[in-house]
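Written below as structure tokens is the structure these notes are about.
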Amino acid sequence: MNKSVVIVGAGLAGCLLAVYLARAGWTVDLRERRGDSRARGHAAGRSINLAISARGLKALRRAGLEETILRNAIRMPGRMIHSRAGAQEFQQYSRDPNHAIQSVSRSALNLALLEAAAAEKNVGITFHQRCVEVAAASGTVIFIDDSTQQPSSVVADLIVGADGAYSAMRGIMQKNEGFDYSQEWLSHGYKEMQIQPVTSGAHTPFAMNPNALHIWPRGASMMIALPNPDGSFTCTLFWPHSGSGSFTEISGAANGRAHFQRDYADALPFMPTFDADFDANPVGSMLTVRCNPWSQGGRVVLLGDAAHAIVPFFGQGANASFEDCESLTDALAAHGDNIAAAISAYELDRKRNADAIAEMALTNFVEMRDKTASRAFKWKKKLEHFLHGVAPKFFIPRYDMVSFSTIPYADALQKSHKQDGIRSRLVIFFLCCISVGLWAALSNHQSSIFVYTCIFVGLFISFMWSATRNK
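Numbered according to our numbering, the sequence shown spans residues 309 to 779.
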């Protein structure tokens, strides 16, 4: 039987799901509130670059789009830490130098997915469509055309809300009894800036090494920069909304420039449009959205940011949404005509993983802004890489599990907690070995074998740990 689906939202997740379901034989009605971004050559809304990693690449590969996207992506195998003095230090993400995340333009990715969806013969796309009512029992969705103010209704076997963090679909579902919803606003906001291409230098046309995610960690705040194919970098300031060093305190280009001279001086010479960017570009907000259940009536379901918006600090927002698309498509295929069972299976699979990556993204924010420049953090990463090299199946760093594998997020979080305990106990054990060995030597302990064994174990681990510094 030919099945029909209405997808509310033609963003990243909505378009990818449309491609998947169209190829699975569904008739797809894709509705978008904004205008057709193809006519303008860019996608409206946010322009922050995306970090696409193993999960996202797998989903794009399934749609036959991986090569298209990678053509204009820039490989980033690590982060480059910038000190206040202008010194730079490269920190490789993984022990394996082949592992890298990809810097991708959100607009370019959205356009590629929209064009892929439009190319499917059983996908219809309509723009300026505002979702105002959903009746799960009958499978009816009512839209208002914002360009004409005319209402329209459509009936489908499946209704998917993929309309982002400020989802209209979710807002409608919230009116029903038994729907739990929470939103947690981050105390920090963001503002985009630009580092322009250069005509000379070691990385021309790039002002800095393009094969790295650049971070200026400054304790309570930070700036990051991701490379673009044209040689520019998209920079994002993550500052508090209020208080010391905040967007409220540092208002206007003159104050912004003075702050940059102190905290980001090495970037300022490559920002000729600084004053215009600082004054014109808005301050955005970030939030974490949690809701439960994700579905109603056995035929209405949320997907992507509409179900689980997260902060961007693990670079997994798009990757997680793409995994949602795969999970829902697989569940619908597995359960045949039983759409309600498929939705339940999808929700059971993805809810715990969405909660896990939301937690890890918040944790990674603190790590990026506070810890990446610290000696303790660097030694911790060296030890993680060493243990991963010694026992690659037993010990896998959290970053590797999240970015370079498709291990479910919830499993990665649970495993990383266990590994944190193991790592801490190992450090204590090694320190004890050295301490006991030195105590025995200084007190003329009679058992030279005992003394030398303790010292050898401690020094061996220290040597191996330090040897990883150059890897």
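Here a beta-carbon is modelled for each residue, glycine too, at the ideal position from N, C-alpha and C.
Since the model is a prediction, treat every value here as computed from it, not as a measurement.
Assigned secondary structure, residue i (DSSP; H/G/I helix, E/B strand, else coil)
{"i": "residue 351", "result": "The predicted position of residue 351 is uncertain, since its pLDDT is 45 and thus under 50; a value taken from the coordinates is nonetheless stated next. Three-state result, residue 351: coil."}
{"i": "residue 597", "result": "strand"}
{"i": "residue 373", "result": "coil"}
{"i": "residue 818", "result": "No answer is possible for residue 818: the residues shown for the chain start at 309 and end at 779."}
{"i": "residue 499", "result": "strand"}
{"i": "residue 476", "result": "helix"}
{"i": "residue 583", "result": "helix"}
{"i": "residue 709", "result": "helix"}
{"i": "residue 635", "result": "helix"}
{"i": "residue 410", "result": "strand"}
{"i": "residue 506", "result": "coil"}
{"i": "residue 523", "result": "strand"}
{"i": "residue 333", "result": "coil"}
{"i": "residue 425", "result": "helix"}
{"i": "residue 618", "result": "coil"}
{"i": "residue 561", "result": "helix"}
{"i": "residue 651", "result": "helix"}
Chain-order list of residues whose beta-carbon lies under 7 Å from that of residue i (same chain, five-residue window excluded)
{"i": "residue 605", "result": "444, 445"}
{"i": "residue 351", "result": "Caution applies to residue 351, whose pLDDT of 45 falls short of 50 and renders its modelled position unreliable; the value that the coordinates give is listed next. Same-chain partners within the cutoff: 345, 414, 415, 418, 419."}
{"i": "residue 511", "result": "517, 518"}
{"i": "residue 366", "result": "714"}
{"i": "residue 665", "result": "618, 622, 624, 628, 717"}
{"i": "residue 431", "result": "326, 330, 336, 338, 425"}
{"i": "residue 363", "result": "627, 630, 631, 714"}
{"i": "residue 643", "result": "649, 650, 653"}
{"i": "residue 673", "result": "619, 621"}
{"i": "residue 442", "result": "449, 467, 477, 480, 608"}
{"i": "residue 447", "result": "463, 464, 465, 467, 607"}
{"i": "residue 422", "result": "318, 323, 345, 346"}
{"i": "residue 602", "result": "609, 610, 615, 655, 659"}
Exposed unless 16 or more other CB atoms sit within 10 angstroms - verdict on residue i
{"i": "residue 581", "result": "exposed"}
{"i": "residue 475", "result": "buried"}
{"i": "residue 460", "result": "exposed"}
{"i": "residue 390", "result": "buried"}
{"i": "residue 466", "result": "buried"}
{"i": "residue 699", "result": "exposed"}
{"i": "residue 782", "result": "Shown here, the chain extends from 309 to 779; a query on residue 782 therefore has no answer."}
{"i": "residue 613", "result": "buried"}
{"i": "residue 657", "result": "buried"}
{"i": "residue 456", "result": "exposed"}
{"i": "residue 348", "result": "exposed"}
{"i": "residue 712", "result": "buried"}
{"i": "residue 405", "result": "exposed"}
{"i": "residue 570", "result": "exposed"}
{"i": "residue 588", "result": "exposed"}
{"i": "residue 485", "result": "exposed"}
{"i": "residue 590", "result": "exposed"}
{"i": "residue 440", "result": "exposed"}
{"i": "residue 396", "result": "exposed"}
Same chain, Cβ closer than 8 Å to residue i, neighbours up to 5 away in sequence not counted
{"i": "residue 354", "result": "At residue 354, the pLDDT of 45 sits below 50, so the modelled position is not reliable; the number obtained from the coordinates is stated separately. So the qualifying residues of the chain are 414, 592."}
{"i": "residue 502", "result": "540, 541, 542, 543, 579, 581, 585"}
{"i": "residue 506", "result": "512, 513, 514, 515, 539, 578"}
{"i": "residue 380", "result": "412, 413, 416, 537"}
{"i": "residue 573", "result": "392, 394"}
Close Cβ partners of residue i (< 6 Å) along its chain, the five nearest in sequence each way excluded
{"i": "residue 639", "result": "650, 653, 654"}
{"i": "residue 599", "result": "489"}
{"i": "residue 434", "result": "339"}
{"i": "residue 386", "result": "398, 399, 400, 401, 520"}
{"i": "residue 382", "result": "411, 518, 535"}
{"i": "residue 677", "result": "525, 530"}
{"i": "residue 312", "result": "335, 464, 465"}
{"i": "residue 360", "result": "410, 412"}
{"i": "residue 368", "result": "374, 377"}
Per DSSP, cross-strand counterpart(s) of residue i
{"i": "residue 547", "result": "497"}
{"i": "residue 433", "result": "338"}
{"i": "residue 489", "result": "599"}
{"i": "residue 453", "result": "437"}
{"i": "residue 534", "result": "542"}
{"i": "residue 680", "result": "DSSP output for residue 680 lists no bridge partner at all."}
{"i": "residue 467", "result": "314, 608"}
{"i": "residue 382", "result": "411"}
{"i": "residue 398", "result": "388"}
{"i": "residue 460", "result": "451"}
{"i": "residue 644", "result": "For residue 644, which the question treats as bridged, DSSP gives no partner whatsoever."}
{"i": "residue 592", "result": "498"}
Should the segment 545-560 be called in touch with the segment 491-498, which here means at least 3 C-beta pairs below 8 Å?
Yes: at least three Cβ pairs fall under 8 Å.
Closer than 8 Å is the cut-off here; do at least three beta carbon pairs connect the segment 383-401 with the segment 671-681?
Output reads yes: the segment 671-681 touches the segment 383-401.
Is there contact between the segment 315-329 and the segment 468-482, where contact requires at least three CB pairs shorter than 8 Å?
A contact exists between the segment 315-329 and the segment 468-482.
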